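Here is the structure we will look at.
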Amino acid sequence: MEALTLLQWVFDSLLVLCLFWLAGRALASPDLFKAIVLFIAFGLLMALAWVRLDAPDVALAEAAIGAGLTGALLLAALARLKSMGDLYRDDSDCGETKGDDS
């Protein structure tokens, strides 16, 4: 086992801090699109963390599944949610009559 140099220690510490920050921001974000983008960034940084831990196979799976595939599915689900929301908003306007003050 090799000893960590100061530069490696600083890099690993920054990586861990960034991972915690991204996780917290993704969970606390009220904007779904922003939360998904932060989740994708978290997955990519997590893949880098797996590389630093000498697990390239897990890093590749994390990048492909965690950031890539899951991120794409979440973005597609968000697009469908927004289109369904527009559809429901249009339907709710149909029953209202404008100008009827009685």
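Sequential numbering of the sequence shown, starting at 1096, is according to this note's numbering.
Note that the Cβ used here is the ideal one computed from N, Cα and C, for glycine as well.
Keep in mind the model is a prediction, meaning the values are calculated, not measured.
Among the residues of its own chain, which have a CB less than 6 Å from the CB of residue i, if the five just before and after it don't count?
| i | result |
| --- | --- |
| A1154 | A1142, W1145 and V1146 |
| L1169 | I1131 |
| A1171 | none |
Counting C-beta neighbours from all protein chains within 10 Å, is the total for residue i 16 or more, i.e. buried, or is it exposed?
| i | result |
| --- | --- |
| L1112 | exposed |
| L1099 | exposed |
| L1102 | exposed |
| L1109 | exposed |
Report the three-state DSSP secondary structure of residue i (helix, strand or coil).
| i | result |
| --- | --- |
| T1100 | coil |
| S1108 | helix |
| V1151 | A small correction: the amino acid at residue 1151 is Pro; Val does not occupy that position in the sequence shown. Here P1151 sits in helix by DSSP. |
In chain order, what residues of the same chain lie with their CB nearer than 7 Å to the CB of residue i, ignoring the 5 residues before and after it?
| i | result |
| --- | --- |
| D1107 | R1147 |
Report the CB separation of residue i from residue j in whole angstroms; it is logged as a contact under 8 Å.
| i | j | result |
| --- | --- | --- |
| L1127 | L1173 | 5 Å |
Leaving out five residues on either side along the sequence, give the residues of the same chain with a beta carbon under 8 Å from the beta carbon of residue i.
| i | result |
| --- | --- |
| G1166 | I1131, F1134, I1135 and G1138 |
Problem set entry | contact_flag[the segment 1114-1126, the segment 1155-1166] where n(CB pairs < 8 Å) is 3 or more | no
For this session: Check whether the segment 1131-1140 touches the segment 1098-1118, counting contact only when three or more Cβ pairs, one atom from each stretch, lie closer than 8 Å.
Result: yes
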